[in-house]
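Asks: Questions regarding the structure given below will be posed in turn.
Residue numbers (my numbering): 320 to 470.
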């Protein structure tokens, strides 16, 4: 009887994080990235370090790139990334404070209505379109909780 040797290799994935920071007026926080001239505006994003969770990673990335403080509320979806062996974790976030300090990667931060988004990379544009109804519901729930029209 022949034996078949099967070698298993440790799977290695690059795990990206994308934050959807939405306020009670259904405005999405976007960063104008200095390194992406073809579609500079985009959602906060980055990668997960070995010692952190996706939620910790997106909070860190938002703070490192802008000085803003955010909290990650929940995972919206996990998708295969644009490159092989990449997973992207999309997270719903809320801005909670901080002082805006722009750095080398981001030269402007602005909130946009879902109906008035600038040109985004296709993947982010598709995601926001697919999740539009859910994001509007999140904004409405936040308004109901706070009784305000911002935050």
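Where is the CB? At the ideal position from N, CA and C, for every residue including glycine.
(1) Could you tell me which residues DSSP pairs with residue 335 in its beta bridges?
(2) Considering Cα atoms alone, identify which of 408, 462, 430, 452 is closest to residue 365.
(3) Helix or strand or just coil, what does DSSP make of residue 314?
(4) Just checking my contact of residue 361 with residue 388 at CB under 8 Å: how many whole Å lie between their CB atoms?
(5) Could you give the C-beta distance for residue 420 and residue 466, rounded to a whole number, given that I count them as a contact under 8 Å?
(6) Out of 439, 356, 460, 336, which has the shortest C-alpha to C-alpha gap to residue 372?
(7) When DSSP labels each residue in this structure, what does residue 426 get in the three-state scheme?
(8) Beta-carbon within less than 6 Å of residue 393's beta-carbon, same chain only, minus the 5 sequence neighbours each way: which residues are those?
Replies: Taking the definition as stated:
(1) Stepping through the chain shown from its first residue, residue 335 is reached at position 16. Beta-bridge pairing links residue 335 to 366, 407.
(2) On the chain shown, position 46 is the one that residue 365 refers to. Taking only the C-alpha atoms, the option nearest residue 365 is 408.
(3) With the chain covering 320 to 470 only, the question about residue 314 has no answer from this structure.
(4) Indexing the chain shown from 1 puts residue 361 at position 42. Indexing the chain shown from 1 puts residue 388 at position 69. About 20 Å; that fails the 8 Å criterion.
(5) Reading the chain shown from its first residue, position 101 is the one you call residue 420. Reading the chain shown from its first residue, position 147 is the one you call residue 466. No, residue 420 and residue 466 are not in contact; Cβ-Cβ is about 31 Å, not under 8 Å.
(6) Locating residue 372 in the chain shown gives position 53, counting from the first residue. Among 439, 356, 460, 336, the Cα nearest to that of residue 372 belongs to 336.
(7) Start at 1 with the first residue of the chain shown, and residue 426 comes out as number 107. Residue 426: strand per DSSP, three-state reduction.
(8) Start at 1 with the first residue of the chain shown, and residue 393 comes out as number 74. Excluding residues within five positions, the ones whose Cβ falls inside 6 Å are 411.
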